[in-house]
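Report on the structure given below.
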Amino acid sequence: MDRSVDWFRQAQRDLLHARHALEDQDFEWACFAAQQAAEKAVKALHQRLGLEGWGHSIKQLLASLPPQESVPSALHEAGLLLDRFYIPTRYPNGFAQGVPGEYFLARDAEEAIGHAERILEFVRGRLGL
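The numbering of the sequence shown is our numbering, which starts it at 87 and goes up by one.
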């Protein structure tokens, strides 16, 4: 059963959440939501291709796409950068002291959202949406 559109729609909602979190200055949550948006978008493409996108690493999910998908190197880099936001944005033990909200800046959130936007646009084109 192809649920790629459902995965992509949720990716869009996660990206919207990232933008709201940025506006609210919840920068760690903006970074995490951007990571989630990109992850779900790439999993949507896996679904469409009849593949199983496993795990949470966007870098790995992009790398496991068939070569004919021609993923640009800039998107591989975007995935690598977004992967950094999967755990430390949520858990205090990601840092020696303090909480994640003390370690992420507006520019981190803006960068994460920009990377996620580019990945979603790539996937949107591949899905024909």
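We treat Cβ as the ideally placed atom computed from N, Cα and C, and that holds for glycine. Small disclaimer: the values here were computed from a predicted structure and weren't measured.
- Between the stretch 144-152 and the stretch 187-195, the count of C-beta pairs closer than 8 Å stays below three; the two stretches do not touch.
- Boundaries of the alpha helix (DSSP H) harbouring A124: F113 to R134, taken from the DSSP string.
- In this model, H103 and E109 are separated by some 10 Å (Cα to Cα).
- Per DSSP, F208 is one residue of the alpha helix (DSSP H) stretching across A192 to L213.
- The three-state reading of DSSP puts P152 in coil, since its state is none of H, G, I, E or B.
- Cβ contact annotation for F208 (same chain, cutoff 7 Å, sequence separation greater than five): L161, in chain order.
- L101 sits close to A120, with the two beta carbons spaced by under 8 Å.
- The straight-line gap separating the alpha-carbon atoms of E203 and A182 is approximately 31 Å.
- Its chain contains A192 as the residues whose beta carbon lies nearer than 8 Å to that of Q111, once the 5 sequence neighbours on both sides are disregarded; these appear in chain order.
- Around the beta carbon of G139, 16 or more other beta carbons lie within 10 angstroms, which makes this residue buried.
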